[in-house]
Amino acid sequence: MSSPTASLRSGLIGVIVFASLLFCVSSASASTFSAQSGEVKATFSVSGTFPQAKNGQLTIFKSGKIVDHVVVSSQWCGHQCWPNSISSKQSVVHVVRLSPGGPLDVVLDLYSGGAHCCAIEQVYYLDSSTGKYEKVEHNFGDPGIKLLALGKGGSDLFLTADDRFAYAFTDYAASGMPIEIDSFSNGTFQQVTKDFPQLIKKDATQYRDAFFDAASSKYDDTVGLAAAWAADEDMLGHSSLVTTFLHQESLAGHLNSGLYPMQPSGAKFVVALQKFLRHDGYVK
1051 MSSPTASLRS GLIGVIVFAS LLFCVSSASA STFSAQSGEV KATFSVSGTF
1101 PQAKNGQLTI FKSGKIVDHV VVSSQWCGHQ CWPNSISSKQ SVVHVVRLSP
1151 GGPLDVVLDL YSGGAHCCAI EQVYYLDSST GKYEKVEHNF GDPGIKLLAL
1201 GKGGSDLFLT ADDRFAYAFT DYAASGMPIE IDSFSNGTFQ QVTKDFPQLI
1251 KKDATQYRDA FFDAASSKYD DTVGLAAAWA ADEDMLGHSS LVTTFLHQES
1301 LAGHLNSGLY PMQPSGAKFV VALQKFLRHD GYVK
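Quick note on my numbering: the sequence shown kicks off at 1051 and runs consecutively.
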């Protein structure tokens, strides 16, 4: 069964990326990645043997001169963060404009290690008050991210999926994760998903189709798909539609968890899902 979140899971965008792809990394003993836009260039070098990296260093140049040099570390993987790359030929460092009309920022893709975790994005941005680069990092979990120029003035946004849905109602493989889009400005990540209703609609349609495709397996593990679809539709303001759909599918016996009885199915799943959606801000 394919879904939008399974798209970001497999190529990253229909909107989700499977960890097995995004977290495929180079096993070389030493790697260097570079990116440049305008007068700003950034180079990230790392050595070691996967999954334990060492000597990770980021250097930022402006007009050919070094303006910052840092030893890379993270609260999630210390000094052993590995470059989160699909191959050694793909750069994990980006020079992009995250704030419309603002200065260029440097984004670094890191991987903490582990079967289902974690994609860490570090942003190095110019602090207007100090004129120096400051670091902010965010853990996007399993889905990972893709930078896309979706923002105002062609600024880049982080396209991902809501990792809170992983394992929420079934195992990881059968979990759906609704689309999530984040912006970054003034040192802060902010979710702006609702600004892109067409992308949400596409995500919802893919989850709905995947749910009905599950008829061939007699709907034996569908709650993950239903949960992601419901979240997308709630973001579009279609809460009445969600309530009606879940009620009908529950009566039809189509809302089942592969982890039952550890995870609820049927009417009990509907109650648990609605509580989950309210708690996580999908329903007011």
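From the three backbone atoms N, C-alpha and C, an ideal C-beta is built for every residue, glycine too.
This one's a predicted model, so the numbers in the text were calculated from it and none came from an experiment.
Asked, Found
"Hey, out of Val1096, Arg1147, Val1121, whose CA is closest to Glu1089's CA?", "Arg1147"
"Which runs of the beta strand (DSSP E) at least 3 residues long sit entirely within the region 1078-1102? Give them in chain order.", "1080-1087, 1090-1099"
"Just to confirm the assignment: which complete beta strand (DSSP E) runs, minimum length 3, are found wholly within the region 1253-1309?", "none"
"Hey, Thr1210 and Pro1193: beta-carbon distance below 7 Å or not?", "yes"
"With DSSP as the reference, label Leu1158 as helix, strand or coil.", "strand"
"Pull up the distance between the alpha-carbon of Leu1249 and that of Ser1113, whole angstroms please.", "38 Å"
"Starting from Phe1326, follow the beta strand (DSSP E) in both directions and report where the run begins and ends.", "That residue, Phe1326, is in no beta strand (DSSP E); its alpha helix (DSSP H) goes 1316-1329."
"For His1144 versus Ala1085, is the C-beta spacing smaller than 7 Å?", "yes"
"Does DSSP put Gly1203 in a helix, in a strand, or in coil?", "helix"
"Any beta carbon of chain B sitting closer than 7 Å to that of Asp1259?", "Absent from the structure: chain B. Only one protein chain is present."
"Can you tell which of Asp1245, Asp1155, Ser1097 has its C-alpha closest to the C-alpha of Ile1110?", "Asp1155"
"Under a Cβ-count criterion, where at least 16 other Cβ atoms within 10 Å of its own Cβ denotes burial, should Asp1253 be classed as buried or exposed?", "buried"
"Note down, in chain order, each residue of its chain lying with its Cβ closer than 8 Å to the Cβ of Thr1220, except the 5 sequence neighbours on either side.", "Asp1271, Val1273, Gly1274, Ser1307, Gly1308, Leu1309, Gln1313"
"How about Trp1126 and Ile1195: do their beta carbons lie closer than 7 Å?", "no"
"Pop quiz: Ser1233 and Gly1201 are said to be a contact at Cβ under 8 Å. What is the actual Cβ separation, rounded to whole angstroms?", "6 Å"
"Around the C-beta of His1329, are 16 or more other C-beta atoms found within 10 angstroms, so that it is buried, or is it exposed?", "exposed"
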